[in-house]
Amino acid sequence: MFWLISSTVVASIMAVVMIFVRLRAAKRPASVKKIILPPFFMSTGALMFLFPVFRVEWTQVAEAVLIGALFSIFLIRSSKFEVRDGEIYLKPSRAFVFILFGLLVLRIILKIIIGATISFGEMSGMFFLLAFGMIFTWRIAMLMQFLKLERNYKQA
Numbered sequence: 000m001f002w003l004i005s006s007t008v009v010a011s012i013m014a015v016v017m018i019f020v021r022l023r024a025a026k027r028p029a030s031v032k033k034i035i036l037p038p039f040f041m042s043t044g045a046l047m048f049l050f051p052v053f054r055v056e057w058t059q060v061a062e063a064v065l066i067g068a069l070f071s072i073f074l075i076r077s078s079k080f081e082v083r084d085g086e087i088y089l090k091p092s093r094a095f096v097f098i099l100f101g102l103l104v105l106r107i108i109l110k111i112i113i114g115a116t117i118s119f120g121e122m123s124g125m126f127f128l129l130a131f132g133m134i135f136t137w138r139i140a141m142l143m144q145f146l147k148l149e150r151n152y153k154q155a
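Residues 0 to 155 (numbering that gives the first Met the number 0) make up the sequence shown, in order.
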């Protein structure tokens with residue numbers, strides 16, 4: 000129970016930090032580097048799978064990544080770019096805050112349901128994969144949207 004509560008508190012703090020990061024990012028021009036670096040930084044978390052306690056079956060990997068990709072649809076829909084002063088910016092979205100907290104609540108519910116049937120280590124591994132699948136898919140979609148807007152803006 001301690002791990003469930005502490006991991007939920009940490010996830011909540013991370014969600015709040017993400018909101019502030021997103022709000023600050025909207026004040027500066029976007030770039031390819033700013034879009035693709037977060038998944039690379041997050042990928043270092045995969046080192047957790049070196050330890051047997053965090054390892055999951057391949058079917059669980061597929062499930063977690065697929066659910067993460069499905070969750071990313073909400074983030075993709077709330078992430079739009081615009082051209083201001085000759086630069087491309089990420090548009091601030093009020094829906095992003097609600098989506099992020101909605102995903103957090105859903106994650107907590109899933110954690111409670113799944114936590115009753117698998118170990119904390121396996122659950123941690125699955126939720127890392129879910130988050131990585133979500134962020135990776137979201138950032139790929141953002142990159143495609145950014146490059147398309149950049150190409151169209153330069154042609155105009």
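Idealized CB from N, CA, C, for every residue including glycine.
Host beta strand (DSSP E) of residue i (start-end)
{"i": "residue 86", "result": "86–89"}
{"i": "residue 50", "result": "Element bounds for residue 50: n/a, residue is neither H nor E."}
Span of the alpha helix (DSSP H) around residue i
{"i": "residue 138", "result": "119–154"}
{"i": "residue 20", "result": "1–24"}
{"i": "residue 42", "result": "31–42"}
Own chain, CB closer than 6 Å to residue i, minus 5 neighbours either side, in chain order
{"i": "residue 25", "result": "89 and 91"}
{"i": "residue 133", "result": "67, 70 and 71"}
{"i": "residue 2", "result": "119"}
{"i": "residue 137", "result": "71, 74 and 75"}
Under the three-state DSSP convention, the category residue i falls into
{"i": "residue 81", "result": "strand"}
{"i": "residue 27", "result": "coil"}
{"i": "residue 92", "result": "coil"}
{"i": "residue 115", "result": "coil"}
{"i": "residue 54", "result": "coil"}
Sequence-distant residues of its chain with Cβ nearer than 8 Å to residue i (five each side left out)
{"i": "residue 72", "result": "none"}
{"i": "residue 65", "result": "132"}
When the options are compared against residue i, the one with the closest alpha-carbon
{"i": "residue 62", "options": "98, 130 and 102", "result": "130"}
{"i": "residue 82", "options": "28, 141, 6 and 20", "result": "28"}
{"i": "residue 150", "options": "31, 5 and 4", "result": "31"}
{"i": "residue 121", "options": "11, 17, 39 and 52", "result": "52"}
{"i": "residue 15", "options": "65, 75 and 101", "result": "101"}
{"i": "residue 84", "options": "144, 20 and 152", "result": "152"}
{"i": "residue 47", "options": "111, 39, 109 and 128", "result": "128"}
{"i": "residue 54", "options": "104, 124 and 40", "result": "124"}
{"i": "residue 145", "options": "115, 109 and 87", "result": "87"}
Assumed close pair residue i, residue j - CB separation to whole angstroms, cut-off 8 Å
{"i": "residue 141", "j": "residue 78", "result": "5 Å"}
{"i": "residue 34", "j": "residue 99", "result": "Actually they do not touch by this definition, with Cβ atoms about 18 Å apart."}
{"i": "residue 126", "j": "residue 106", "result": "7 Å"}
Chain-order list of residues whose beta-carbon lies under 7 Å from that of residue i (same chain, five-residue window excluded)
{"i": "residue 21", "result": "95"}
Interface flag, residue i vs chain D, CB-CB below 8 Å
{"i": "residue 153", "result": "No chain D is present in this structure, which holds just one protein chain."}
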